[in-house]
Amino acid sequence: MKLQLAGVTHRSPFFSCDRSAGNTSCFFVLHNAKILARQSCSRLIEMNTKRYPDCIKALARARVPLSGVQAWVAQGREFQMVFFEIESGVQVAPHSHGEQFGYVFEGEMALTIGDDTRTYRGRDSYHIPAGVVHQAEFKTFVRVVDFFLEPDRYRTE
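Here the sequence shown is numbered in this note's numbering, starting from 32 and rising by one per residue.
Structural data, given as structure tokens:
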């Protein structure tokens, strides 16, 4: 899939941010099942921790009406990329919305898309077409990033 972000075309899920107040710029690229993060344009860090780095947590927090879920939003004009940390045992009720693509960094979740239920673990990805009813159950702590092809899927704090 080709994405047009910040005037540059990329062939992989990508986003960039420039936080002027803290003089921080960063970018994230899904690469070989790992995220590479560049902070302050000076060093490259391979993420292999159980939590997201400060550069992601500096993004706007998403308002998620579920206990045990934290999320940070990278906002685009026509999309949102949301980085989730979800505790074991959380269940997401059946719902539908615009098109969604997700990538699981770690953990295990059962995701039902339409009538098809599958288990997704670290390094797995999924696609949910627009309007298709889906639900999820998180078997362990999960870190997942979801790309929503709608700019207002989540409101921010």
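Ideal Cβ positions, reconstructed from N, Cα and C, are used throughout, including at glycine.
_Across the stretch 131-138 and the stretch 169-178, are there enough close Cβ pairs to call them in contact, namely three or more that are closer than 8 Å?_
With three or more CB-CB distances shorter than 8 Å, the stretch 131-138 counts as touching the stretch 169-178.
*State yes or no: is the C-beta of His165 within less than 8 Å of the C-beta of Ile144?*
Going by C-beta atoms, His165 is nearer than 8 Å to Ile144.
*Endpoints, the alpha helix (DSSP H) within which Asp183 is located*: Run containing Asp183: none; DSSP gives neither H nor E here.
*C-alpha distance - Glu118 paired with Leu90, whole-angstrom precision*: When rounded, the distance between both Cα atoms is 20 Å.
*How far does the beta strand (DSSP E) with Asp146 in it reach, from first residue to last?*
Membership of Asp146 in any beta strand (DSSP E) is not indicated, and neither H nor E is assigned to it by DSSP.
*Gly120: buried (16+ other C-beta within 10 angstroms of its C-beta) or exposed?*
When all chains shown are included, Gly120 counts as exposed.
*Answer with buried or exposed for Gln131, where buried requires no fewer than 16 other C-beta atoms within 10 angstroms of its C-beta.*
Buried, because 16 or more other Cβ atoms sit within 10 Å of the Cβ of Gln131.
*Could you work out which residue in Ala167, Glu181 and Arg186 is closest to Val123 when comparing CA atoms only?*
Of Ala167, Glu181 and Arg186, the residue nearest in Cα terms is Ala167.
*In its own chain, which residues sit with a C-beta less than 7 Å from the C-beta of Arg108, not counting the 5 before and 5 after it?*
The beta carbon of Arg108 sits closer than 7 Å to the beta carbons of Pro182 from its chain, once the five residues preceding and following it are set aside; these are given in chain order.
*Verify whether the separation of the beta carbon atoms of Glu188 and Arg82 is less than 8 Å.*
Arg82 sits away from Glu188, with the two beta carbons spaced by 8 Å or more.
*Excluding the five sequence neighbours on either side, which residues of its own chain have a C-beta within less than 7 Å of the C-beta of Val104, listed in chain order?*
If we look at Val104 and ignore the five residues flanking it on each side, its Cβ neighbours are Leu90, Ala91, Ala93, Gln111, Val113, Tyr185 and Thr187.
*asked:* Beta-carbon within less than 7 Å of Lys88's beta-carbon, same chain only, minus the 5 sequence neighbours each way: which residues are those?
replied: So the list reads Trp103, once near-sequence residues are dropped.
*Do Phe115 and Asp177 have their C-beta atoms within less than 8 Å of each other?*
Here Phe115 is near Asp177, since their CB atoms are less than 8 Å apart.
*Looking at the C-beta of Pro182, does it have a partner C-beta in chain D at a distance below 8 Å?*
Judged by its chain identifiers, the structure shown contains no chain D, having just a single protein chain.
*With a CB to CB cut of under 6 Å and the five nearest residues on each side skipped, what residues in its chain are close to Pro125?*
Short of 6 Å from the beta carbon of Pro125, and not among the five residues preceding or following it, lie these beta carbons of its own chain, in chain order: Val164 and Gln166.
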